[in-house]
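Enquirer:
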Amino acid sequence: MGNMVIEVSYALDTFYFLMCTALVMWMAAGFAMLEAGLVRGKNTVEILNKNALLYGIACFVYLLVGYNVMYPGDPISAYIPGIDFLLGADNATDAVVAGGDDAPYYSTMADFIFQAVFAAATMSIVSGAVAERMRLWPFLVFAVVMVAVIYPVEGYWKWGGGFLDQLGFQDFAGSVVVHMAGASAALAAVLMVGPRKGRYGKNGEVRAIPGANLPLATLGMFILWMGWFGFNGGSELKIANVEEANAVAKIFVNTNAAAATGMIAAALLARALFGKTDLTMTINGALAGLVAITAEPLAPSAGMASLIGAIGGVVVVFSVLALDKLKIDDPVGAISVHGSAGIWGIFAVLISNDDATFFGQLTGMVCTFLWMFCATLVTLWIIKKVMGLRVSEEEELEGMDMHECGMHAYPEFGQETKS
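Spelled out as structure tokens, the structure:
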């Protein structure tokens, strides 16, 4: 009877892990729709290609090497992980049935695929920030390096048992390990490629460049919101007992609450500042609330989670405006959503998690930023010297779709349909 209980629990935890993985994988569609909606029609096919290919590349590269860097069997030190290739065998049946504190309680293959979709999500953050001017293949080359080395190293520092984990840095599902990490890489990339032509005037004026399909962007936001239940809920890792099931339910409630209040707060602030309810701020407010609660979605009450999300919504609006003043061009607001809200989220952990310390949270944030930013700068500098990063002025003016992909997203609306 005991063996049966252990096996059923193992099966249930593994199944839950896999279903959460499917939700997080679906976030790839959310990123694709959000970014495709917020770029101009002439760049839609290219940004969709970026998102589709980066997902495939991320999953394969993480299978090949990234997972074993992030979770090394024999790390060199608390700062430098080991390296290995491909995956070993899954848990043996007798190891599961034996039970005990060290017995595996879910499939290691389930753990791999869950971590793989997290790696892809981190890379997706970069694609929107450099939209409409960074060439496709240099971006994909960077994706290989990002998922093979850059992201897994900082992931090892926390989730692989490295020095940040030993220091007591608390990041439940990745406000910094995933979101701010991706935003740090995105910031470096944006600084390398520069703003889009016409985005900023000579006297500092900011010129709006509207996206082509706001319904698509809104759909992307809701897909991401849905996927976040797997993102945060799956990070609990277990569900096969009453305590863990209740914990997962609370995580879902807090995740939803933070998104809702982030959206509301951003919409109210945009209305107060601009006199209009800017849909892009509404969308980014929801996503900022989600990022903010990701660092600790279990410990807060629902009311506290709502406050954390609302502050995230306020933070993202001011961050978007500040980056524009600095002439840092981010077409989808990725740096603000994932970076600024991620920073707020990692310090919001101090409110509800007694194990967190200000020094630990600050160290984790600073180390992650410096590594992701500097490693990205160096990698992109090398890629720029070898194959270039940015499209020509002519290609940018005419759109990347035809030059990079040879097709239009909306051909019936374009000049090419004239006879």
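Per the UniProt record's numbering, the sequence shown runs over residues 1 to 419. Just so you know, even glycine gets a beta-carbon here, dropped at the ideal spot from N, CA and C.
1) Closest to Ile-308 by C-alpha separation, out of Ala-270, Ile-83 and Leu-350, would be which residue?
2) In angstroms, rounded to a whole number, what distance separates the CA positions of Gly-194 and Leu-287?
3) Are the Cβ atoms of Thr-368 and Met-180 separated by less than 9 Å?
4) Contact check, Ala-266 vs Asn-254 under 8 Å by CB: the rounded distance?
5) Helix, strand or coil, according to DSSP, for Arg-390 in the structure here?
6) For Asp-94, which residues in the same chain have their Cβ closer than 6 Å to its Cβ, ignoring the five residues on either side in sequence?
7) Please name the residue, chosen from Ser-127, Phe-318, Val-149 and Met-387, that lies closest to Pro-72 on a Cα-to-Cα basis.
8) Taking Leu-136 as part of the alpha helix (DSSP H), name the residues at either end of that continuous run.
9) Just tell me which of Gly-388, Gly-339 and Glu-205 has its CA closest to the CA of Val-366.
10) Short of 6 Å in beta carbon distance, which residues of its chain neighbour Glu-243, apart from the five on each side in sequence? Order them along the chain.
11) By the three-class DSSP mapping on this structure, what secondary structure does Val-130 have?
12) Could you tell me the alpha carbon to alpha carbon distance between Ala-52 and Leu-216, rounded to whole angstroms?
13) Measuring CA to CA, which of Phe-114, Lys-325, Phe-31 and Met-134 is closest to Leu-63?
14) Measure the alpha-carbon distance for Ala-295 versus Thr-14 and round it to whole angstroms.
15) Evaluate Gln-361 with the Cβ neighbour count: other Cβ atoms within 10 Å of its Cβ, from every protein chain shown; 16 or more gives buried, anything less gives exposed.
16) Near Phe-358, which residues of its chain fall below 7 Å by C-beta distance, leaving aside the five closest residues on each side in sequence?
17) Residue 451: buried (16+ other C-beta within 10 angstroms of its C-beta) or exposed?
18) Can you tell me where the alpha helix (DSSP H) with Lys-325 in it begins and where it stops?
19) Across which residues does DSSP place Tyr-16 in a beta bridge pair?
20) Going by the CB atoms, is the gap between Gly-333 and Val-314 shorter than 9 Å?
21) Would you tell me roughly how many angstroms separate the C-alpha atoms of Leu-86 and Ala-58, rounded to the nearest one?
22) May I ask which residues mark the beginning and end of the alpha helix (DSSP H) holding Leu-164?
23) The alpha helix (DSSP H) that contains Trp-157, what's its start and end?
24) Could you say if the region 393 to 402 and the region 146 to 166 meet the contact criterion of at least three C-beta pairs nearer than 8 Å?
25) Report the rounded CA-to-CA distance for Glu-416 versus Met-400, giving the unit in angstroms.
26) Go to Ile-223, then tell me how far its alpha helix (DSSP H) extends in each direction, as first and last residue.
27) For the alpha helix (DSSP H) holding Arg-196, just list the boundary residues, first then last.
28) Which residues mark the beginning and the end of the alpha helix (DSSP H) in which Ile-293 is found?
29) If the criterion is Cβ atoms closer than 9 Å, does the pair residue 505 and Ala-375 meet it?
30) Give the DSSP-derived three-state secondary structure of Val-332 in the structure shown.
31) Excluding the 5 residues flanking residue 425 on each side, which residues of the same chain have their C-beta closer than 8 Å to its C-beta?
32) Taking all protein chains shown into account, decide if Gln-170 is buried (16 or more other Cβ within 10 angstroms of its Cβ) or exposed.
33) Are Gly-162 and Tyr-105 touching if we call contact CB-CB under 9 Å?
34) So, helix, strand or coil for Val-117, using DSSP?
35) Just mark Phe-318 as buried or exposed, buried being the case when its beta carbon has 16 or more other beta carbons within 10 Å.
Expert: A quick look at the data gives this:
1) Comparing Cα positions, the closest option is Leu-350.
2) Distance between the alpha carbons of Gly-194 and Leu-287 is about 25 Å.
3) With a cutoff of 9 Å on beta-carbon distance, Thr-368 and Met-180 are scored as near each other.
4) With a Cβ gap of about 18 Å, Ala-266 and Asn-254 do not count as contacting.
5) The answer is strand: DSSP assigns Arg-390 an E or B state.
6) Excluding sequence neighbours, Asp-94 sits near nothing in its chain.
7) Scanning Ser-127, Phe-318, Val-149 and Met-387 for the CA closest to the CA of Pro-72 turns up Val-149.
8) From DSSP, the alpha helix (DSSP H) with Leu-136 extends over 136 to 145.
9) The residue from Gly-388, Gly-339 and Glu-205 with its alpha-carbon nearest to that of Val-366 is Gly-339.
10) Non-local C-beta neighbours of Glu-243 in its own chain, meaning closer than 6 Å and more than five positions away in sequence, are absent.
11) Val-130 carries a coil assignment under DSSP once its states are collapsed to helix, strand and coil.
12) Their backbone Cα atoms lie some 16 Å apart in a straight line.
13) Looking at Phe-114, Lys-325, Phe-31 and Met-134, the one whose alpha-carbon comes closest to that of Leu-63 is Phe-114.
14) Cα to Cα, Ala-295 sits roughly 23 Å from Thr-14.
15) With a threshold of 16 other beta carbon atoms within 10 Å, Gln-361 meets it and is buried.
16) Excluding positions up to five away in sequence, the list reads Leu-350.
17) No answer is possible for residue 451: the residues shown for the chain start at 1 and end at 419.
18) That run of the alpha helix (DSSP H) goes 302 to 325.
19) DSSP output for Tyr-16 lists no bridge partner at all.
20) No, the pair does not count as a contact, with Cβ atoms beyond the cut-off.
21) Distance between the alpha carbons of Leu-86 and Ala-58: 14 Å.
22) Here the alpha helix (DSSP H) through Leu-164 covers 163 to 167.
23) Element bounds for Trp-157: 151 to 158.
24) Not touching, per the Cβ criterion.
25) Interpretation of Glu-416 is limited by its pLDDT of 45, a score under 50 that renders its predicted location unreliable; no figure is taken from the coordinates.
26) Its alpha helix (DSSP H) spans residues 214 to 234.
27) Going by DSSP, Arg-196 is part of no alpha helix (DSSP H) at all; its letter is neither H nor E.
28) Annotation for Ile-293: the continuous alpha helix (DSSP H) segment containing it runs 279 to 294.
29) In this structure the chain extends from 1 to 419, so residue 505 is not present and cannot be described.
30) Secondary structure at Val-332: coil, using DSSP grouped into helix, strand and coil.
31) Because the chain in this structure spans residues 1 to 419, residue 425 falls outside the shown range and cannot be described.
32) Classification for Gln-170: buried.
33) The Cβ-Cβ distance between Gly-162 and Tyr-105 does not fall below 9 Å.
34) Helix, per DSSP.
35) When all chains shown are included, Phe-318 counts as exposed.
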